[in-house]
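Number of protein chains: 2
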Amino acid sequence: MGSSLKILPVIMSGGSGTRLWPLSTEARPKQFHALASDLTMIQDTALRFGADDRVDFLSPLIVCNLRHGTLVRDQLRALDVSPAAIVLEPFGRNTASVAVIAAAWAAEHAPGAIVLLLPADHVVLDGDGFRGAVGHAIAAAADHIVTFGIEPTGPETGYGYIQSGEPLYEGAFAVARFVEKPSRAVAEAYLQDGGYSWNAGIFLYRPEVFLGQARTFCPKVVDAALRALKEAAHDGPFLTLEETAFAACPSEPIDTAVMEKTDTAAVVPCSVGWADVGSWSELWRQGPLDAQENFLRGDAILLDTNSSLIWADGPIVSTIGITDLIVIATGDHVLVLPKHRAQDVKKIVDELKRRAAP
Amino acid sequence: MGSSLKILPVIMSGGSGTRLWPLSTEARPKQFHALASDLTMIQDTALRFGADDRVDFLSPLIVCNLRHGTLVRDQLRALDVSPAAIVLEPFGRNTASVAVIAAAWAAEHAPGAIVLLLPADHVVLDGDGFRGAVGHAIAAAADHIVTFGIEPTGPETGYGYIQSGEPLYEGAFAVARFVEKPSRAVAEAYLQDGGYSWNAGIFLYRPEVFLGQARTFCPKVVDAALRALKEAAHDGPFLTLEETAFAACPSEPIDTAVMEKTDTAAVVPCSVGWADVGSWSELWRQGPLDAQENFLRGDAILLDTNSSLIWADGPIVSTIGITDLIVIATGDHVLVLPKHRAQDVKKIVDELKRRAAP
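So the sequence lines, in the order shown, correspond to chains A and B.
In this text, residue positions in the first sequence follow numbering that gives the first Met the number 0: the first is 0, and each later residue adds one.
In this text, residue positions in the second sequence follow numbering that gives the first Met the number 0: the first is 0, and each later residue adds one.
Structural data, given as structure tokens:
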């Protein structure tokens, strides 16, 4: 059944990734860096939709911030990937608006295609497994908005969880409920229970199914997003959303705007080597690690150094006698902090903004 | 008596200071950096010999490596200090040779002057107190080689100690013995005893007294050093020691070559805010420290950071949640290590040399 249907990958590249500063910056957020492989994250994401017996992928649609349009074009061109179009947002309006725009664009330019909406900045080590999961999800997508649940590898407290309900199709379940980032004890109970998966923010839906639900649960998002798309300016592969209309769009994530309200939500649990890599400590966990459990990128000399992440992007980094530390060096900035403080990197970014303010 | 005699300061600037890498390098060792004040260490040293009622200082003689001649000239010119001459060593031969060359140069070009031999890379916070100590030492220098002993401020194990013997003149004692870097327990006993001071490597002597002792205890050093000086090439302020003659000179410190053997050694204990600043942890101890006990130089953002030394020479350094750490950033290198490992910086320098070797 799957092979006759076309899938339109829509890559959301609007994130700013401040917790990966100083590598990730507003000018060049993390999806445009080679974090987990030799390719940038958006390049790895684009390459995930190669030829496959089970799924027929169209050229991807990209949605990104206005200022990153040429970065996207150049990084995909380097792989000989031609996007169907690059939608430019004058500013971010979260993911519900992107999901609406993706549905409307697909309905007009790829009639009959199913939308696969996913972030540009996630790691998926098992691309073949991921394509297989998409193939499995196609049946459920006939009348459901499908989300892919990542089978937990540990009691993570940094992700939202999805509880699977009754079976719908082979490998697909109704969503019993979405739960916010849990405490450690609750996460351990979920892991024990087995019926929970991580919310990876990856969705598969038919445009008319999604737009129908969105019109019911977030009509203002639909109205504003569709108007911004209709009045968009065209320039080669670029489609710039109309600013005034888009400014009126409520800024809401697809999860709260639609998924937690609709009764058409389905989940396809899968195990595909997924990681969010939202912070330096997550990148360290993701690995690869050397014999001393260090994550090393760039030119460095490590003596008596253990369980640390060393990122040398420019200067040579030398360390002696450190453990559990993150050391990031670019030409302009050096950042040093213990792994357990990785969430606080944003404070440095905020402080730098304060200093730069007039 | 002191005011009628001239003092020739001879500044030894041949050190390489590898433990202060990556700031201190072979191309620009620590004495040419502003470590403890806004001036470089050799500039601070040269300014120590200003006009004084008690002591009549001549323009200083500088002894440095061949490659640092123009650095010395330029850094002193910036202060309007005109050195008597700049003696260039084609390679280092330790301090006994420098002491001999200083004595011979003084005997020829500043007849009747007393030599004050001292390193370019030491901190002396109390310049007035130091000049006073020199004034006190002049009487003893009539027939002794005087060394200045620093009154200990703690049981340091990183310095050699001098035990004072019988009084010779006001404030000057015969040297009972020189002792190598002691253990902690021994250093504490010395501090308790009170008759010990740190060996700062600063000497005051009449040329004929020193040369007489050196001819007795290290005649090969005297022969080679005098020949290298006699056959030196002159070029403006520069005097380049003759290479073949100097190569034949034994490489010995003045301490073992002369001071530990002669019975003309005297010590003038003093308390002048002296510090060697031989390593990053010593620089931290030297201060100044902020309210969180951090030593900060350059542009940095410190959150929850305590008892650390942050040196930002180029990149902006940001730290979160660290304690007792040294973080040094130059444009080319970043170094991170705990303060108690400061002695191991040399291992990084050695490793870099190994890598650079063909």
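Even for Gly, the Cβ is constructed at its ideal location relative to N, Cα and C.
Predicted model, so just to flag it, every value in this text is computed and none were measured.
Give me the residue from the options with the minimum Cα distance to residue i.
i, options, result
"residue 67 of chain A", "A:57, A:87, A:55, A:59", "A:87"
"residue 156 of chain B", "B:10, B:297, B:275", "B:275"
"residue 261 of chain A", "A:31, A:204, A:32, A:60", "A:204"
"residue 301 of chain A", "A:190, A:321, A:188, A:128", "A:321"
"residue 142 of chain A", "A:166, A:265, A:14", "A:265"
"residue 37 of chain A", "A:124, A:256, A:341", "A:124"
"residue 213 of chain B", "B:271, B:102, B:239", "B:102"
"residue 340 of chain B", "A:318, A:352, A:353", "A:318"
"residue 360 of chain B", "B:21, B:6, B:211, B:269", "Outside the shown range of chain B (0 to 357) lies residue 360 of chain B, about which nothing can therefore be said."
"residue 298 of chain B", "B:76, B:333, B:313, B:226", "B:313"
"residue 138 of chain B", "B:47, B:6, B:352", "B:6"
"residue 57 of chain A", "A:64, A:47, A:65", "A:47"
"residue 152 of chain B", "B:315, B:270, B:12", "B:270"
"residue 30 of chain A", "A:106, A:278, A:178", "A:278"
"residue 115 of chain B", "B:290, B:8, B:296", "B:8"
"residue 251 of chain A", "A:78, A:95, A:77", "A:95"
"residue 323 of chain A", "A:231, A:295, A:194", "A:295"
"residue 27 of chain A", "A:70, A:99, A:105", "A:70"
"residue 62 of chain B", "B:35, B:248, B:104", "B:104"
"residue 4 of chain A", "A:10, A:53, A:25", "A:53"
"residue 311 of chain B", "B:51, B:245, B:325", "B:325"
"residue 359 of chain A", "A:246, A:234, A:108, A:154", "For chain A, the structure presents residues 0 to 357; residue 359 of chain A sits outside this window and is missing."
"residue 361 of chain B", "B:135, B:154, B:195", "Residue numbering for chain B in the displayed model covers 0 to 357; residue 361 of chain B lies beyond these limits and cannot be assessed."
"residue 154 of chain B", "B:186, B:127, B:232", "B:186"
Span of the alpha helix (DSSP H) holding residue i?
i, result
"residue 258 of chain A", "Per DSSP, residue 258 of chain A belongs to no alpha helix (DSSP H) and is neither H nor E."
"residue 218 of chain B", "218-229"
"residue 233 of chain B", "Here residue 233 of chain B belongs to no alpha helix (DSSP H); instead the beta strand (DSSP E) covers 232-234."
"residue 114 of chain A", "It is not in any alpha helix (DSSP H) - residue 114 of chain A instead sits in the beta strand (DSSP E) that spans 113-118."
"residue 185 of chain B", "183-192"
"residue 104 of chain B", "93-108"
"residue 71 of chain A", "68-76"
"residue 245 of chain B", "242-246"
Exposed or buried, which one is residue i when buried takes at least 16 other CB atoms within 10 Å?
i, result
"residue 130 of chain A", "buried"
"residue 33 of chain A", "exposed"
"residue 44 of chain B", "buried"
"residue 229 of chain B", "exposed"
"residue 182 of chain A", "exposed"
"residue 120 of chain B", "buried"
"residue 2 of chain B", "Any reading at residue 2 of chain B is ruled out, since the residue's pLDDT is 46, under 50, leaving its predicted position unreliable."
"residue 307 of chain A", "buried"
"residue 254 of chain A", "buried"
"residue 90 of chain B", "exposed"
"residue 0 of chain B", "Reliability of the predicted coordinates at residue 0 of chain B is poor, the pLDDT of 40 falling under 50, and no value is obtained from them."
"residue 280 of chain B", "buried"
"residue 39 of chain B", "buried"
"residue 243 of chain A", "exposed"
"residue 328 of chain A", "buried"
"residue 200 of chain B", "buried"
"residue 291 of chain A", "exposed"
"residue 92 of chain A", "buried"
In the DSSP assignment, the beta strand (DSSP E) including residue i goes from what residue to what residue?
i, result
"residue 313 of chain A", "308-319"
"residue 283 of chain A", "Here residue 283 of chain A belongs to no beta strand (DSSP E); instead the alpha helix (DSSP H) covers 279-285."
"residue 275 of chain A", "Premise fails: residue 275 of chain A is in no beta strand (DSSP E) and is neither H nor E."
"residue 299 of chain A", "294-302"
"residue 332 of chain A", "332-337"
"residue 5 of chain A", "5-12"
"residue 41 of chain B", "Where residue 41 of chain B is concerned, there is no enclosing beta strand (DSSP E), although the alpha helix (DSSP H) it sits in stretches over 40-45."
"residue 375 of chain A", "This structure leaves residue 375 of chain A out entirely; chain A is present only between 0 and 357."
Please report whether the beta-carbon of residue i lies at a distance below 8 Å from any beta-carbon of chain D.
i, result
"residue 64 of chain A", "In the structure shown, chain D cannot be found, because the protein chains are A and B."
Worksheet item: Closer than 9 Å, Cβ to any Cβ of chain B: which residues of the region 134-146 of chain A, in chain order?
Response: none
Practice prompt. Would you be able to state if there are at least three C-beta pairs under 8 Å between the region 9-24 of chain A and the region 332-348 of chain A?
Written response: yes
Item to complete: Count the C-beta pairs between the region 185-193 of chain B and the region 276-290 of chain B that are closer than 8 Å, then say yes if the count reaches three, no if not.
Response: no
Worksheet item: Would you call the region 158-178 of chain B and the region 219-227 of chain B in contact, with 3 or more CB pairs under 8 Å?
Response: no
Worksheet item: Looking at chain B, which residues of the region 321-338 of chain A have a Cβ within less than 8 Å of any of its Cβ atoms?
Response: 321, 324, 326, 328, 329, 330, 331, 332, 333, 334, 335, 336, 337
Discussion item. Under 8 Å, with one C-beta from each stretch per pair, do the region 239-247 of chain A and the region 144-151 of chain A reach the 3-pair mark?
Written reply: no
Worksheet entry | Near-chain A residues of the region 292-322 of chain B (beta-carbon distance less than 7 Å), N- to C-terminal order | 300, 302, 314, 315, 316, 317, 318, 319, 320, 321
Practice prompt. Compile a chain-ordered list of the residues in the region 46-70 of chain B whose CB is closer than 9 Å to at least one CB of chain A.
Written response: none
Worksheet entry | Selection of the region 340-352 of chain B by Cβ proximity to chain A, strictly under 8 Å | 340, 343, 344, 346, 347, 350, 351
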